[in-house]
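Colleague: One structure is given below, represented as structure tokens, and several questions about it will come after.
Number of protein chains: 2
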Amino acid sequence: MRALNPDEQEQRKRKVLHSVIHEYVRTGKPVGSHSIVTTAHLGLSSATIRNTLSQLEEEELITHPHTSAGRVPTDKGYRAYVDSLIELQKLAVREESRIRGEYETRIQEVEDLLSQTSRMLSSISHYTGFVMVPKIEKNLFSHLELVPIGNNRVLVAMVTDTGMTKHFVLNLGGEITRERLRTISRIINQNFEGRTLQEVQESITQRLEEAQREYREIISLAKDLGQEIRKISMSSIYLDGTSNILALPDLSSTGDIRDLFKLIEEKEMLSKILEDDFLAESDEAAAGAPDRKDQGKRRRKGQHPQVHVRIGSENPIKAMRNLSLVSSTYRLSDRTVGVLGILGPKRMEYPKMIALVDFISLTVNRILKEFEGK
Amino acid sequence: MRALNPDEQEQRKRKVLHSVIHEYVRTGKPVGSHSIVTTAHLGLSSATIRNTLSQLEEEELITHPHTSAGRVPTDKGYRAYVDSLIELQKLAVREESRIRGEYETRIQEVEDLLSQTSRMLSSISHYTGFVMVPKIEKNLFSHLELVPIGNNRVLVAMVTDTGMTKHFVLNLGGEITRERLRTISRIINQNFEGRTLQEVQESITQRLEEAQREYREIISLAKDLGQEIRKISMSSIYLDGTSNILALPDLSSTGDIRDLFKLIEEKEMLSKILEDDFLAESDEAAAGAPDRKDQGKRRRKGQHPQVHVRIGSENPIKAMRNLSLVSSTYRLSDRTVGVLGILGPKRMEYPKMIALVDFISLTVNRILKEFEGK
DNA sequence: ATTAGCACTCAACATTAGCGAGTGCTAATA
DNA sequence: TATTAGCACTCGCTAATGTTGAGTGCTAAT
Chain A
1 MRALNPDEQE QRKRKVLHSV IHEYVRTGKP VGSHSIVTTA HLGLSSATIR NTLSQLEEEE
61 LITHPHTSAG RVPTDKGYRA YVDSLIELQK LAVREESRIR GEYETRIQEV EDLLSQTSRM
121 LSSISHYTGF VMVPKIEKNL FSHLELVPIG NNRVLVAMVT DTGMTKHFVL NLGGEITRER
181 LRTISRIINQ NFEGRTLQEV QESITQRLEE AQREYREIIS LAKDLGQEIR KISMSSIYLD
241 GTSNILALPD LSSTGDIRDL FKLIEEKEML SKILEDDFLA ESDEAAAGAP DRKDQGKRRR
301 KGQHPQVHVR IGSENPIKAM RNLSLVSSTY RLSDRTVGVL GILGPKRMEY PKMIALVDFI
361 SLTVNRILKE FEGK
Chain B
375 MRALNPDEQE QRKRKVLHSV IHEYVRTGKP VGSHSIVTTA HLGLSSATIR NTLSQLEEEE
435 LITHPHTSAG RVPTDKGYRA YVDSLIELQK LAVREESRIR GEYETRIQEV EDLLSQTSRM
495 LSSISHYTGF VMVPKIEKNL FSHLELVPIG NNRVLVAMVT DTGMTKHFVL NLGGEITRER
555 LRTISRIINQ NFEGRTLQEV QESITQRLEE AQREYREIIS LAKDLGQEIR KISMSSIYLD
615 GTSNILALPD LSSTGDIRDL FKLIEEKEML SKILEDDFLA ESDEAAAGAP DRKDQGKRRR
675 KGQHPQVHVR IGSENPIKAM RNLSLVSSTY RLSDRTVGVL GILGPKRMEY PKMIALVDFI
735 SLTVNRILKE FEGK
């Protein structure tokens with residue numbers, strides 16, 4: 001028979017790998033040479049497939065659970081598969097229109113948009129959906145208003161340059177006149193306009209003390225204010241469909257599940273992981289064109305948001321070794337970037353999920369842009 | 375032998391039942407007649423115990439998992455046990471002092487107090503802790519402030535007669551002058567002072583329309599305002615330690631666990647269940663002295679908060695048939711009452727948990743009273 | 001280079017047997 | 001009459017054993 005050139009070899013291997021993954025994703029059972037012959041019509045016998053499988057195993061793209069079982073993709077195998085998906089699958093029409101529909105109802109607040117997005121990611125993927133709200137400590141302070149609301153309390157409304165507002169109530173030690181409040185807010189506004197929130201938080205106590213040595217109550221107020229800003233500027237996260245993870249048949253030990261839920265409960269850990277993704281994104285945007293090594297990110301015809309995929313043990317947490325993270329970013333203002341996506345089993349329909357996250361990320365970005373325009 | 379009078383009979387049965395429960399709670403395994411002989415030194419042989427066990431089984435206080443296994447308490451058995459605990463166990467000193475310590479750090483806001491309480495309930499019990507924040511729709515509207523914060527947005531600060539504040543931002547269709555806002559807030563304040571939030575929510579659109587037919591923008595603002603009030607007055611809930619439930623060895627089917635987590639995710643359902651408890655509490659307070667039938671509530675020397683216990687299938691949700699709810703109430707103002715407690719396995723140390731919930735409820739009530747004083 | 005054929009492996013399932021904890025009953029006993 | 005000792009019986013649990021079948025790896029034929 002005619003000699004196979006190396007390129008054809010590789011082609012075949014790729015096709016078989018894809019076939020293994022598709023079949024495994026579909027059934028959840030190790031796939032044998034025979035089922036590949038019947039599902040992926042390559043015109044080859046099972047023996048030939050077995051040879052190819054051997055080669056793939058050599059490259060550590062698939063493994064045996066045990067001697068006489070079919071093959072299962074390894075993390076590396078999934079990785080190769082995902083990386084080779086150059087074409088972004090189009091989302092099913094019905095799903096796309098459903099998403100559009102959900103977003104059509106006018107949304108007033110950014111918070112609502114994000115929490116709704118998280119719910120939607122969960123409900124369409126049937127996995128866990130998340131939306132991380134970025135730290136806003138890098139935002140610039142514009143001004144604040146102090147409104148007395150009786151009982152020695154003051155409502156503080158803080159506005160950043162990008163138009164985000166945060167508000168909270170502070171308890172005062174004693175009475176304070178409207179006059180005095182006006183003075184204080186004037187001082188703060190003058191001193192801090194254009195600073196980052198972080199700076200404000202760090203130096204508000206000190207500065208106010210300097211400026212108004214004689215007013216005792218201001219000092220305590222400033223302290224509380226600093227505290228509150230610190231609290232506010234931490235990143236938070238929306239999570240939906242966490243119970244969906246329990247429905248996954250793959251999760252082995254109960255210990256794993258517990259770890260995972262601890263992770264979910266302490267959202268901070270999750271925030272950290274996602275922040276890494278966000279940083280990677282920024283860096284790369286600065287660095288320019290991606291090269292071949294730039295794995296795990298799906299570039300979408302030069303357009304902004306990329307979809308990242310983290311497979312199993314690529315995640316930094318051991319409890320996630322059977323899970324994958326499909327995420328993308330959204331831009332809330334020039335300086336703040338958030339992450340959104342889904343957390344599902346390693347054995348998931350990557351093309352579909354990538355398409356979903358990509359589309360939602362695009363949509364969210366578009367809506368946020370409209371928000372800013374206003 | 376001397377005849378046993380009926381009272382002694384009952385005494386013995388009760389002792390044996392308690393012994394079964396203690397042993398079962400400790401080990402988790404069905405307990406046989408022999409282990410009762412050795413642990414509860416009643417000076418009786420295993421044969422006698424077996425007779426007593428038979429009687430208890432007749433009364434449906436215990437069951438056989440299968441023919442040749444030991445006995446396991448039924449829900450009814452647990453109920454009888456809990457009801458017979460007249461004496462409130464004292465909380466261990468170290469735990470009591472730990473709780474005191476945690477609450478010592480000055481807490482500014484009611485929200486912080488409640489969320490911390492939930493965490494504490496979870497961490498001491500090692501089960502799931504919860505604190506339900508009651509609906510405040512019955513609160514009376516006192517007044518609100520409207521503060522423009524640029525970009526066509528208004529910060530609304532609403533104060534109720536009990537001094538609770540709620541605040542949120544509204545987007546306006548177009549510009550609005552400070553003057554105009556002042557007029558609007560005056561109208562609202564005059565019209566609604568002393569009404570319940572529910573009334574405000576229901577009639578604000580209509581009333582404003584009547585009062586100010588000429589101002590278009592007010593109508594839309596009123597609508598949003600109504601919406602927002604509605605959102606705010608829904609009851610919410612703090613939950614901690616949900617992952618602890620996964621550590622319970624008792625939970626049988628995975629389906630159960632899933633149901634449970636769905637329940638936890640949609641906190642509304644849980645709110646409903648807890649609200650029932652709260653209603654029961656109010657009713658009874660009105661009705662006067664409790665009689666013997668008044669089961670499931672631990673009265674504490676005539677003092678206010680009672681601890682309720684709901685065992686297994688006494689809960690209205692099927693997924694909770696292996697769980698128990700130990701709850702008590704706290705008073706936030708005269709009209710608003712919240713529920714707090716723990717959700718744990720049916721097989722739990724009731725005396726300890728009841729003591730814990732009781733103590734925390736007392737403490738929270740005390741602190742809230744101090745808050746009001748200020 | 002591909003394929004048919006075959007020996008071999010091993011998880012999964014079913015069957016069986018033995019153990020032992022625990023019961024329920026009965027007859028003896030205090 | 002209440003209690004107890006004794007004993008047959010039940011039944012879940014575990015380990016041991018056998019059987020099946022999917023799937024591999026190798027070799028020789030094409």
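If you're matching them up, the sequences are chains A and B in order.
As numbered in the working numbering, residues 1 to 374 make up the first sequence, in order.
As numbered in the working numbering, residues 375 to 748 make up the second sequence, in order.
We treat Cβ as the ideally placed atom computed from N, Cα and C, and that holds for glycine.
Buried or exposed for residue 30(A), please, with buried defined as at least 16 other CB atoms from any protein chain shown within 10 angstroms of its CB.
Modeller: buried
Colleague: Between the beta-carbon of residue 613(B) and the beta-carbon of residue 492(B), is there less than 8 Å?
Modeller: yes
Colleague: Pop quiz: residue 395(B) and residue 452(B) are said to be a contact at Cβ under 8 Å. What is the actual Cβ separation, rounded to whole angstroms?
Modeller: Residue 395(B) to residue 452(B), Cβ: 7 Å. Contact.
Colleague: Any heavy atom of the ligand MG closer than 7 Å to the Cβ of residue 128(A)?
Modeller: What this structure holds is no ligand at all, so the ligand MG is not there to describe.
Colleague: Under 8 Å Cβ-Cβ, which residues of chain A neighbour residue 539(B)?
Modeller: Chain A residues near residue 539(B): 149, 153, 155 and 169.
Colleague: Pop quiz: residue 631(B) and residue 246(A) are said to be a contact at Cβ under 8 Å. What is the actual Cβ separation, rounded to whole angstroms?
Modeller: 6 Å
Colleague: Alpha carbon to alpha carbon, how far is residue 300(A) from residue 17(A)?
Modeller: With a pLDDT of 49 at residue 300(A), under the threshold of 50, the modelled position of this residue cannot be trusted; read the value that follows with caution. In this structure, the alpha-carbon of residue 300(A) lies about 24 Å from that of residue 17(A).
Colleague: Specify the secondary structure class of residue 448(B) as computed by DSSP and reduced to three states.
Modeller: coil
Colleague: Name the residue from 93(A), 225(A) and 88(A) whose alpha carbon lies nearest to the alpha carbon of residue 145(A).
Modeller: 225(A)
Colleague: Is the CB-CB distance between residue 712(B) and residue 701(B) below 8 Å?
Modeller: no
Colleague: Which residue from 203(A), 182(A) and 183(A) puts its Cα closest to that of residue 192(A)?
Modeller: 203(A)
Colleague: If you follow the beta strand (DSSP E) that residue 704(B) is in, where does it begin and where does it stop?
Modeller: DSSP places residue 704(B) inside the beta strand (DSSP E), whose first and last residues are 697-705.
Colleague: What does the Cβ neighbour count give for residue 244(A), buried or exposed, with the cut at 16 atoms within 10 Å?
Modeller: buried
Colleague: Which residue from 517(B), 680(B), 536(B) and 469(B) puts its Cα closest to that of residue 495(B)?
Modeller: 469(B)
Colleague: Exposed or buried, what is residue 456(B) when buried is set at 16 or more other beta-carbons lying within 10 Å of its beta-carbon?
Modeller: buried
Colleague: Quick one: which residues of the region 222-243 of chain A get their C-beta closer than 8 Å to a C-beta of chain B? List them in chain order.
Modeller: 224, 240, 241, 242 and 243
Colleague: Does DSSP classify residue 682(B) as helix, strand or coil?
Modeller: strand
Colleague: Distance, Cα to Cα, residue 64(A) vs residue 125(A)?
Modeller: 29 Å
Colleague: Roughly how many angstroms lie between the CA atoms of residue 344(A) and residue 640(B), to the nearest whole one?
Modeller: Residue 344(A) and residue 640(B) have their C-alpha atoms roughly 20 Å apart.
Colleague: Specify the secondary structure class of residue 364(A) as computed by DSSP and reduced to three states.
Modeller: helix
Colleague: What in chain B is Cβ-close to residue 193(A), meaning under 8 Å?
Modeller: Result: empty, since nearest Cβ-Cβ is about 13 Å, beyond 8 Å.
Colleague: Could you tell me whether any Cβ in chain B is nearer than 8 Å to the Cβ of residue 178(A)?
Modeller: no
Colleague: For a contact meaning CB atoms closer than 8 Å, what does residue 620(B) contact in chain A?
Modeller: 254, 257, 258 and 261
Colleague: Please classify residue 167(A) as buried or exposed, where buried requires at least 16 neighbouring CB atoms within 10 angstroms.
Modeller: buried
Colleague: Can you pull the DSSP bridge partners for residue 540(B)?
Modeller: 532(B)
Colleague: Put residue 519(B) into one of helix, strand or coil per three-state DSSP.
Modeller: strand
Colleague: Say whether chain A places a C-beta atom closer than 8 Å to the C-beta of residue 639(B).
Modeller: yes
Colleague: Assuming contact is defined by CB atoms lying nearer than 8 Å, are residue 436(B) and residue 424(B) in contact in what I supplied?
Modeller: Taking 8 Å as the Cβ cut-off, residue 436(B) and residue 424(B) do not qualify as a contacting pair.
Colleague: What alpha helix (DSSP H) runs, 4 residues minimum, are completely inside the region 383-432 of chain B?
Modeller: 407-413 and 420-432
Colleague: Return yes when the Cβ of residue 15(A) is within less than 8 Å of the Cβ of residue 391(A), no when it is not.
Modeller: Residue 391(A) falls outside the range modelled here, since chain A spans only 1 to 374, and no answer is possible.
Colleague: Does any residue of chain B bring its CB to less than 8 Å from the CB of residue 133(A)?
Modeller: no
Colleague: Here's the rule: buried if 16 or more other CB atoms are within 10 angstroms of the residue's CB, otherwise exposed. What is residue 92(A)?
Modeller: exposed
Colleague: Report yes if the CB atom of residue 473(B) is closer than 8 Å to the CB atom of residue 737(B), and no otherwise.
Modeller: yes
Colleague: Tell me the DSSP secondary structure of residue 127(A) in three-state form.
Modeller: Coil, per DSSP.
Colleague: What is the DSSP secondary structure of residue 270(A), reduced to helix, strand or coil?
Modeller: helix
Colleague: Distance cutoff 8 Å, beta carbons only. Does residue 519(B) sit that close to anything in chain A?
Modeller: By this cut-off, residue 519(B) is an interface position.
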